[in-house]
Amino acid sequence: MNLDEKIALLERARRQKVREEKEQAEQRKEEAKILTLSDALNGIKAGEMRLENGELFEFETRKYSDKNMSLVLFKNFYQATQENDEGVIYLNRAHEVSQIISWPKERVKPMALNQWANMLVNGMAANGMHVKIGKKEQLDHVEYICFDVPTGNGWLYNIVFRVRGGQLMGNYNCMKAEQDTYGIFLEAMVITFNNWLADRERGDLSGEYNKEQSSE
714 MNLDEKIALL
724 ERARRQKVRE
734 EKEQAEQRKE
744 EAKILTLSDA
754 LNGIKAGEMR
764 LENGELFEFE
774 TRKYSDKNMS
784 LVLFKNFYQA
794 TQENDEGVIY
804 LNRAHEVSQI
814 ISWPKERVKP
824 MALNQWANML
834 VNGMAANGMH
844 VKIGKKEQLD
854 HVEYICFDVP
864 TGNGWLYNIV
874 FRVRGGQLMG
884 NYNCMKAEQD
894 TYGIFLEAMV
904 ITFNNWLADR
914 ERGDLSGEYN
924 KEQSSE
């Protein structure tokens, strides 16, 4: 191998190393932007969170049903609200995000989490909709299912939850494309609700989440 060939090989190796370092830096940059459930939970406790892209998310708590259940909502966000004595619907049409909370008067039949998930899948299938279940979680006081369904505008990401042994339940959703932001915050809201129920059971409602960020 002559000198020119050695120089060419060294130059190719140098360019390859620079390219790999650039790709690794881009990957680290992308990973740093990922919103985690832990980040979202901390943001909810603080009452707001600003993402790296500058987008600000604000939160508030409100009480629902005759049990005075405290749940988190996006603050100054919803353009439409519909409420009756068995539930409430919040809707943001621009982002296609909704939070539905219900507390039906008619007694809800208890069933195991897997049975509930199967009923959900079969019920959707009966209406010609294919459900993709992504997660099933059973917490101390709340259990929830995350799933996707197709719509005319693309896949819709849903979180349905219910209080274990109770009447309150909900369905939060956003477009699948927004799952990494709105979807993470919505799931964190469900977990925060579970934590509130745990605090209430212990008689400890002094946490930041319960310092009534509410507009009541």
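Using the working numbering, the letters of the sequence shown correspond one by one to residues 714 to 929.
Positions of the beta carbon are idealized from the N, C-alpha and C atoms, including for glycine.
Excluding five sequence positions before and after G800, the CB atoms of its chain that fall closer than 8 angstroms to its own CB belong to I813, I814, S815, W816 and P817, given in chain order. For L869, the closest C-alpha among the options N884, N715 and K730 is that of N884.
Residues Y777, S778, K780, M782, I814, S815, W816 and R875 of the same chain have their beta carbon placed closer than 8 angstroms to that of L881, with the five preceding and five following residues left out of the count.
Listed in chain order, the beta strand (DSSP E) elements of length 3 or more contained wholly in the stretch 746-821 are 761-763, 769-777, 782-787, 793-797, 800-805 and 810-815. Contact fails between the stretch 830-846 and the stretch 895-906, because fewer than three Cβ pairs, one in each stretch, are under 8 angstroms apart. The three-state secondary structure of L852, taken from DSSP, is coil.
About 20 angstroms separates the CB atoms of V844 and V821; that is not less than 8 angstroms, and the two are not in contact. Residue environment analysis places L748 among the buried positions, since at least 16 neighbouring C-beta atoms fall within 10 angstroms of its C-beta. Shortest Cα-Cα distance from T894 to any of S751, E733 and I846 involves S751.
A distance below 9 angstroms separates the beta carbons of V785 and T905. In summary, M762 is buried, with 16 or more beta-carbon neighbours lying within 10 Å of its beta-carbon over all protein chains present. Nearest neighbour of G847 by Cα position, chosen from N840, H854, I858 and A807, turns out to be I858. Checking the DSSP bridge columns, you'll see K735 has no partner listed. Burial of V810 is indicated by the presence of at least 16 other C-beta atoms within 10 angstroms of its C-beta.
For L869, the beta-bridge partners assigned by DSSP are V862 and M888. With a 10 Å radius around the Cβ and a threshold of 16 neighbouring Cβ atoms, Q892 comes out buried. Between K730 and H808, the alpha-carbon positions lie close to 42 angstroms from each other.
Put simply, the backbone Cα of M888 is about 35 angstroms away from that of R732. The three-state reading of DSSP puts V876 in strand, counting E and B together.
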